[in-house]
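Trainee:
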Amino acid sequence: MSDAVSDAVIDPAVQPASPAAAAERPLLEVSRLTKVFGRGTSAVRAVQDVSFVLNRREIVTVVGESGSGKSTLARLILRLMPVTDGTIVLDGHDYTDPKAGELQNYWREVQAVFQDPFSAFNQFFTVRRLLARSQALRRSSRDSGTDAAVVETALGHVGLQPGDVLDKYPHQLSGGQRQRVMIARALMMSPKLLIADEATSMLDASLRANVLNVLSDLRRDVGLTVLFITHDIGQACYISDRVLVMSNGSVVEQGDAEQVIFSPKHPYTQKLLADVPKLHEGV
Numbered sequence: 294m295s296d297a298v299s300d301a302v303i304d305p306a307v308q309p310a311s312p313a314a315a316a317e318r319p320l321l322e323v324s325r326l327t328k329v330f331g332r333g334t335s336a337v338r339a340v341q342d343v344s345f346v347l348n349r350r351e352i353v354t355v356v357g358e359s360g361s362g363k364s365t366l367a368r369l370i371l372r373l374m375p376v377t378d379g380t381i382v383l384d385g386h387d388y389t390d391p392k393a394g395e396l397q398n399y400w401r402e403v404q405a406v407f408q409d410p411f412s413a414f415n416q417f418f419t420v421r422r423l424l425a426r427s428q429a430l431r432r433s434s435r436d437s438g439t440d441a442a443v444v445e446t447a448l449g450h451v452g453l454q455p456g457d458v459l460d461k462y463p464h465q466l467s468g469g470q471r472q473r474v475m476i477a478r479a480l481m482m483s484p485k486l487l488i489a490d491e492a493t494s495m496l497d498a499s500l501r502a503n504v505l506n507v508l509s510d511l512r513r514d515v516g517l518t519v520l521f522i523t524h525d526i527g528q529a530c531y532i533s534d535r536v537l538v539m540s541n542g543s544v545v546e547q548g549d550a551e552q553v554i555f556s557p558k559h560p561y562t563q564k565l566l567a568d569v570p571k572l573h574e575g576v
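Position in the sequence shown (first residue = 1) + 293 = the working numbering.
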């Protein structure tokens, strides 16, 4: 993020927190977040009083069935739609109602990967051109390095060789390659937070595991924080430090992944787990 430098005297009471203090506070704080569509008797509360924190270098999964509100929650945190009530604080800064120019800074810090990597591409662009279009935003960020080096590093983080993908069109890539290119594109911004909204749901089982492993490796290698959105509680078990379970717009249970998945307290969580196919069942 490129911050303007003021010549004014800084009030000690409002000086930025020290690096140590910043590292201790949560990266993301969501408090009583609510989104209502419509008015009066036709109003629909898609997200209702959702509160949670996301710590640095953590992978938190929001899991729930279709219509539970998890994707609406993701779009609220991405600031792609206005908030009805509640607050969104990223790294100590309130972005609930961003002022002019703040969203560009926010989107450098918070990047997203969505469900369908094919629709995220312009079908007439090669991977090289797709990534080149992201360079203008990166150049004005705090990141440094040449364009070619940044592209090569980002692709390397997701296990792709530049020579294998840069001059290919989307239809020439596998689904897993397309999704990894989109993750690399997000990484070029050097984000603090990556939101993966059903990022594996259109991939087969082997490619799903590949993308999940990429996200885990990025947490380990570059300190990336991930908010993972899925309907698959099995994937939540595989990748998560903590799990939030959503039903009808509300978080009905949250906690450490092992606690929520192996000792669920809420009937809805128990139902989700009961619906997971079991090997050798009935044998």
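We treat Cβ as the ideally placed atom computed from N, Cα and C, and that holds for glycine.
(1) How big is the Cα-Cα spacing for GLU551 and VAL569?
(2) Work out the CA separation of ASP342 and LEU383 for me, nearest whole Å.
(3) Give me the Cα-Cα distance between LYS564 and CYS530, rounded to the nearest whole angstrom.
(4) My output table needs one value for VAL458: the three-state DSSP class, helix, strand or coil.
(5) Would the segment 364-381 and the segment 516-527 be scored as touching if the rule is three or more Cβ pairs under 8 Å?
(6) Can you tell which of THR389, VAL420, LYS485, PRO484 has the C-alpha that lies nearest to the C-alpha of LEU453?
(7) With a threshold of 6 Å on Cβ separation, who are the neighbours of VAL544 within its own chain once the five nearest residues in sequence on each side are excluded?
(8) Where does the unbroken beta strand (DSSP E) through SER540 begin, and where does it stop?
(9) Can you tell me whether ASP583 is helix, strand or coil according to DSSP?
(10) Output the distance between the C-alpha atoms of LEU448 and PRO455, rounded to the nearest integer angstrom.
(11) By how many angstroms is the C-alpha of ARG350 removed from the C-alpha of VAL307?
(12) Between the Cα of GLY379 and those of GLY385, LEU371, ASP390, LEU373, spot the shortest distance and give me the residue it belongs to.
(13) Go ahead and pull the three-state DSSP assignment for GLY379.
(14) Please determine whether the Cβ atom of VAL451 lies at a distance below 7 Å from any heavy atom of the ligand FMN.
(15) For GLU395 versus LYS485, is the C-beta distance shorter than 8 Å?
(16) Identify the continuous beta strand (DSSP E) that holds VAL323 and give its terminal residues.
(17) Considering just the uninterrupted stretch of the alpha helix (DSSP H) at ALA336, what are its terminal residues?
(18) Got a sec, what are the start and stop residues for the alpha helix (DSSP H) GLU358 sits in?
(19) In this structure, how does DSSP classify GLU491 when only helix, strand and coil are distinguished?
(20) Less than 8 Å separating the beta-carbons of VAL337 and GLY331?
(21) Inspect the beta-carbon positions of GLN472 and VAL504 and report whether they are closer than 8 Å.
Mentor: Let's see:
(1) Counted from its first residue, the sequence shown places residue 551 at position 258. Counted from its first residue, the sequence shown places residue 569 at position 276. Between GLU551 and VAL569, the C-alpha separation is close to 16 Å.
(2) On the sequence shown, position 90 is the one that residue 383 refers to. On the sequence shown, position 49 is the one that residue 342 refers to. Their Cα atoms are separated by approximately 18 Å.
(3) Mapped onto the sequence shown, residue 564 falls at position 271. Mapped onto the sequence shown, residue 530 falls at position 237. Those two C-alpha atoms are separated by around 15 Å.
(4) Stepping through the sequence shown from its first residue, residue 458 is reached at position 165. Residue state for VAL458 is assigned as helix, using DSSP reduced to three classes.
(5) yes
(6) For the purposes of this step, residue 453 is taken as residue 160 along the sequence shown, with counting starting at 1. Among THR389, VAL420, LYS485, PRO484, the Cα nearest to that of LEU453 belongs to VAL420.
(7) Against the sequence shown, residue 544 aligns to sequence position 251. Here the set comprises VAL343, LEU537.
(8) What you label residue 540 is simply residue 247 of the sequence shown in a count that begins at 1. For SER540, the enclosing beta strand (DSSP E) begins and ends at 535-540.
(9) Residue 583 lies beyond the residue range present for the chain, which begins at 294 and ends at 576; the question has no answer from this structure.
(10) On the sequence shown, position 155 is the one that residue 448 refers to. On the sequence shown, position 162 is the one that residue 455 refers to. Distance between the alpha carbons of LEU448 and PRO455: 7 Å.
(11) In the sequence shown, residue 307 corresponds to position 14, counting from 1. In the sequence shown, residue 350 corresponds to position 57, counting from 1. Its pLDDT being 41, under 50, VAL307 is placed unreliably in this model, and the value from its coordinates should be taken loosely. Between the alpha carbons of VAL307 and ARG350 lies a gap of roughly 27 Å.
(12) Along the sequence shown, one-based indexing puts residue 379 at 86. Among GLY385, LEU371, ASP390, LEU373, the Cα nearest to that of GLY379 belongs to ASP390.
(13) For the purposes of this step, residue 379 is identified with residue 86 of the sequence shown, where counting begins at 1. Strand.
(14) The model on display carries no ligand, and the ligand FMN is accordingly not part of it.
(15) Taking the first residue of the sequence shown as position 1, residue 395 is located at position 102. Taking the first residue of the sequence shown as position 1, residue 485 is located at position 192. With a cutoff of 8 Å on beta-carbon distance, GLU395 and LYS485 are scored as not near each other.
(16) For the purposes of this step, residue 323 is taken as the residue at position 30 of the sequence shown. Here the beta strand (DSSP E) through VAL323 covers 321-330.
(17) On the sequence shown, residue 336 is found 43 positions in, with the first residue counted as 1. ALA336 -> no alpha helix (DSSP H), and no H or E assigned at all.
(18) Translated into positions along the sequence shown, residue 358 becomes position 65. No alpha helix (DSSP H) contains GLU358, which DSSP labels as neither H nor E.
(19) Residue numbering aside, residue 491 sits at position 198 when the sequence shown is read from its first letter. Here GLU491 sits in coil by DSSP.
(20) Translated into the one-based positions of the sequence shown, residue 337 becomes position 44. Translated into the one-based positions of the sequence shown, residue 331 becomes position 38. Yes, Cβ-Cβ distance for VAL337 and GLY331 is below 8 Å.
(21) The residue labelled residue 472 in the question sits at position 179 within the sequence shown. The residue labelled residue 504 in the question sits at position 211 within the sequence shown. Yes, the pair counts as a contact, with Cβ atoms nearer than the cut-off.
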